[in-house]
Ligand SMILES: Cc1cc2nc3c(=O)[nH]c(=O)nc-3n(C[C@H](O)[C@H](O)[C@H](O)COP(=O)(O)OP(=O)(O)OC[C@H]3O[C@@H](n4cnc5c(N)ncnc54)[C@H](O)[C@@H]3O)c2cc1C
């Protein structure tokens, strides 16, 4: 299952005091799980950071625990960086190896970004929203430096170019049981069955344009918006369908992509960016986006899920990268058995769960809305106080999301077309929401291979 030719690159500083790394190196100091939990019991009133520091100190005295991570996407990469920071030795398994992601990952600067992430982000800049009128939200935007993250991971992780299935997880976790009892972390992306899909067609052109988070001016049959970013090699114009239920066929996916491309061509013509006839020749490169949203996987024996696989993608934006970064340390705390108190932990889990279901309910309503309904809805949304906007766009604090929904209802009125399906067919909406959100056993690649 392991490829003999895996690349192995370990940061010289990270394991300086460790003997030659072997597969199950646990040489000078050994801590059993029960010792770790008694440590936890004694110190649970200390700050988590202090406990982490203590454990890290012991680790660097001579023990290296292997942490196996499946998937070299952003979630797996962030987890590897943070694991290495704590003195663990991350192993990343991915059939595509560790390569620089071609997608442009944007991050809202309003989010609670961990300080270690900041060096990997562009400087913050403003963007606008066009709904019925144009507004400048009170938060900024940043772009992830994919190459820098991947290079940093290369310095600290052992990379295995291989796919890992349930049997592979069992083998890896039984190896772990001998060395460290750490579960395998499954970051292999969101399940695609029953997903809502964010679908977009983006083109990079050598044309100047103002960065735009969402431009909801109508552009055609599909209720899509325009997203604009300035990149080093030009400007990215992306026609985006926020949430769409695909029938299970590749033809439907290709039909939607072709229609979005037409709408993008019409829109850029109408905005005077590039004439319809000159569109094709002006395209420097093109990307197609198909992000499964609202689903999460059942953890297989010996593993825990993280990133998009754990349901972190927010259907209001299609984003998960910032959340994976923000929660990497929380997951490591849980894996290492470090928690401040059960009560706080249970409250945090309940809050996350509430956020997950509310986000999915929102996605159901988005999928049923016409273009002008969405335009009006987002007009109201971007008039809310910034704290409410951010709570919804972050989408991981259930109480915050609920507060935003409640406040928004006051602005739109309960009869707004966006909310109508909720009153007309509540059982159908709830049924779809529940079906999508339940944990799935296996991801199936039912449509085409995910375009990147
Ligand atoms: C073009 C594009 C633009 C996007 N823009 C943004 C954005 O601006 N901001 C944002 O937050 N999000 C954005 N997204 C969404 C983005 O996909 C997800 O947020 C993010 O990639 C999820 O990261 P992940 O690491 O959880 O999963 P993925 O990125 O899906 O990575 C999963 C990895 O697991 C590997 N894998 C699969 N099966 C196995 C297996 N059996 N064994 C081992 N490895 C396996 C895959 O090869 C893959 O490398 C964008 C997506 C696309 C496609």
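In full-length UniProt numbering, the protein residues as written are 1 to 452. Every residue, glycine too, gets a C-beta built ideally from N, C-alpha and C. Being a predicted model, the structure only gives us computed values, none of them experimental.
Between which residues of its own chain and residue i is the CB-CB distance below 7 Å, once the five residues before and five after are set aside?
i           : result
residue 368 : 421
residue 332 : 82, 83 and 86
residue 139 : 108, 109, 110, 386 and 390
residue 439 : 296, 297 and 298
residue 132 : 375, 376 and 379
residue 215 : 130, 225 and 226
residue 112 : 326
residue 318 : 198, 291 and 293
residue 328 : 78, 79 and 82
Looking at the secondary structure, which residues open and close the alpha helix (DSSP H) in which residue i lies?
i           : result
residue 372 : 371-381
residue 349 : 342-368
residue 78  : 74-85
residue 128 : Not the alpha helix (DSSP H): residue 128 falls in the beta strand (DSSP E), residues 128-130.
residue 254 : 250-270
residue 422 : 420-424
residue 323 : 321-335
residue 280 : 279-282
Output needed for residue i: all residues of its chain with C-beta closer than 6 Å, excluding positions within five of it in sequence on either side, in chain order.
i           : result
residue 285 : 204
residue 105 : 144 and 321
residue 308 : 189, 190 and 320
residue 300 : 166 and 169
residue 434 : none
residue 377 : 418
residue 244 : 197 and 199
residue 479 : No information on residue 479 is available, as it lies outside the stretch 1 to 452 that the chain covers here.
residue 458 : Outside the shown range of the chain, which is 1 to 452, sits residue 458, and nothing can be said about it.
residue 432 : 364
residue 404 : 388, 391 and 392
residue 279 : 265
residue 93  : 70, 160, 162 and 164
residue 88  : 65 and 67
residue 122 : 142 and 143
residue 209 : 228 and 235
Can you check whether the CB of residue j is closer than 8 Å to the CB of residue i?
i           : j           : result
residue 95  : residue 162 : yes
residue 292 : residue 191 : yes
residue 150 : residue 80  : no
residue 221 : residue 271 : no
residue 185 : residue 67  : yes
residue 72  : residue 97  : yes
residue 359 : residue 316 : yes
residue 77  : residue 159 : no
residue 212 : residue 128 : yes
residue 302 : residue 183 : yes
residue 238 : residue 263 : no
residue 146 : residue 101 : yes
residue 137 : residue 382 : yes
residue 187 : residue 366 : no
residue 283 : residue 207 : no
residue 370 : residue 223 : yes
residue 256 : residue 241 : yes
residue 336 : residue 402 : no
List the DSSP bridge partners of residue i.
i           : result
residue 291 : 198
residue 439 : 296
residue 68  : 91
residue 458 : A question about residue 458 goes unanswered here, because the residues of the chain that appear run from 1 up to 452.
residue 125 : 141
residue 134 : 130
residue 431 : Note: residue 431 sits in no beta bridge, so no partner.
So the beta strand (DSSP E) residue i belongs to, where does it begin and stop?
i           : result
residue 243 : 234-244
residue 140 : Counting along the chain, residue 140 falls outside any beta strand (DSSP E), and DSSP gives it neither H nor E.
residue 113 : It is not in any beta strand (DSSP E) - residue 113 carries neither H nor E in the DSSP assignment.
residue 303 : 303-305
residue 185 : 184-186
residue 213 : 212-215
residue 89  : 89-93
residue 231 : 225-231
residue 454 : Coverage of the chain is limited to positions 1 through 452, which leaves residue 454 absent and any answer about it impossible.
residue 388 : Segment 386-394 is the alpha helix (DSSP H) holding residue 388; no beta strand (DSSP E) there.
residue 160 : 158-160
Note down, in chain order, each residue of its chain lying with its Cβ closer than 8 Å to the Cβ of residue i, except the 5 sequence neighbours on either side.
i           : result
residue 148 : 119 and 120
residue 437 : 294, 295, 296, 311, 356, 357 and 360
residue 269 : 275, 276 and 279
residue 252 : 246
query = Is the segment 394-401 in contact with the segment 409-418, if contact means three or more CB pairs nearer than 8 Å?
reply = no
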